[in-house]
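K.L.:
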Amino acid sequence: MTADRLRFETMTSSQAMAATQWKDTCRLEERTCRPVVNGVRVPPTDRKSNLVFFEDGISEAVGRVQCFDFNSRNRSAKFGYCGNPLYRCRGVSKRMRLI
């Protein structure tokens with residue numbers, strides 16, 4: 001099957017019922033990227049890491065980064081960043097992304 005032969009349609013109720021049985025043909029480890037222990041999905045934690053950025057000569061934080069949704073199975077995490085409104089339009093967030 002090639003990508004040019006794929007299409008998306010709204011799922012019907014009979015298609016939804018059939019899709020629920022797909023899980024019966026494979027192990028949980030094959031259906032999720034989340035950590036699995038003894039055949040049971042490990043729930044995500046609320047763990048977060050918060051970092052603040054400072055610029056030389058400025059005593060208050062000019063930006064922050066939050067790391068969350070750590071996934072030990074595929075060694076990933078999600079990141080969010082935000083610049084201090086007082087220092088916007090000065091390229092601070094752009095430089096934060098480069099670090």
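Under the working numbering, the residue at position 94 of the sequence shown is numbered 94, and the numbers go up by one with no gaps.
We treat Cβ as the ideally placed atom computed from N, Cα and C, and that holds for glycine.
Give me the residue from 71, 25 and 80 with the minimum Cα distance to residue 50.
P.N.:
The shortest C-alpha separation from residue 50 is found at 80.
K.L.:
For residue 23, collect the residues of the same chain with a Cβ closer than 8 Å to its Cβ; drop the 5 residues on either side in sequence, then sort them by chain order.
P.N.:
31
K.L.:
When you compare the CB of residue 29 with every CB in chain B, is at least one pair closer than 8 Å?
P.N.:
Structure shown: chain B not included; a single protein chain is present.
K.L.:
Does DSSP put residue 1 in a helix, a strand or coil?
P.N.:
At residue 1 the pLDDT is 48, less than 50, meaning the model places this residue with poor confidence; the figure from the coordinates comes in the next sentence. Of the three classes helix, strand and coil, the one that applies to residue 1 here is coil, per DSSP.
K.L.:
Kindly confirm or deny that the segment 11-21 and the segment 58-66 touch, where touching means at least three C-beta pairs closer than 8 Å.
P.N.:
no
K.L.:
Could you check where the beta strand (DSSP E) with residue 66 kicks off and where it finishes?
P.N.:
In the DSSP annotation of this structure, the continuous segment of the beta strand (DSSP E) that includes residue 66 starts and ends at 63-71.
K.L.:
Comparing C-alpha positions only, which one of 6, 13 and 93 sits nearest to residue 54?
P.N.:
93
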